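Take a look at the structure below.
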Amino acid sequence: MKFVSSFTTALVALVTFGSTALAVDKICEGHTGKDTLGKPFAHPTMCGYFVTCGSDGKAYLGTCPAGTYYDIKLTTCTGEAKSSCGDRKTS
C-alpha cells in the first residue's frame, strides 16, 4: 500500500510539473524577435520565478533572489511588499 501511495504522489508531482513546464514554454511562442530577446515575463504560477525567451524560442527559467518576488508591473524582482503577484504562489 505504501508503494501505491508513493507512486500516486510521484505521478501527481510529474503531471503538475509537466503542466507548468508546458505553460512556461507557451510564454515564448512568437517571442523570438530582438524586442523580446532576454525580456523577462512572469512565471504563470510562481511569483518567485520569471521566464526569459531565447533566440531559439525556448523558455529559460530565472529565479528571484531570496526574499524577493517578480513584479509584473516593474518587470523585475522586488521586495514582497512591493511586488504584484496576483494569484501566483509566493512559496
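Every position in the sequence shown, counted from 1, becomes a number in my numbering once 1422 is added. We put the beta carbon where it would ideally sit given N, CA and C, even for glycine. Nothing here was measured: the structure is a model prediction, and the numbers come from that model.
DSSP three-state assignment for residue i, whether helix, strand or coil
{"i": "K1511", "result": "strand"}
{"i": "D1478", "result": "coil"}
{"i": "D1447", "result": "helix"}
{"i": "G1460", "result": "coil"}
{"i": "L1496", "result": "coil"}
{"i": "T1490", "result": "strand"}
Beta-carbon proximity list for residue i, same chain, < 8 Å, skipping 5 on both sides
{"i": "I1449", "result": "F1463, P1466, V1473, C1475 and A1481"}
Distance between beta carbons of residue j and residue i, contact taken as under 8 Å
{"i": "C1486", "j": "G1470", "result": "5 Å"}
{"i": "T1497", "j": "T1490", "result": "The Cβ separation is near 13 Å, so there is no contact."}
Rounded straight-line distance, which links the Cα of residue j to that of residue i
{"i": "D1493", "j": "D1447", "result": "20 Å"}
{"i": "E1502", "j": "D1457", "result": "28 Å"}
{"i": "G1452", "j": "G1508", "result": "25 Å"}
Residues of its chain near residue i, where Cβ-Cβ distance is below 7 Å and the 5 sequence neighbours each way are ignored
{"i": "M1468", "result": "R1510 and K1511"}
Neighbourhood of residue i by C-beta, 6 Å cutoff - its chain only, sequence neighbours within 5 removed
{"i": "S1506", "result": "D1493, I1494 and K1495"}
Closer than 7 Å to chain B by CB, residue i
{"i": "Y1471", "result": "Protein chain content of the structure displayed is limited to a single chain, and chain B is not contained in it."}
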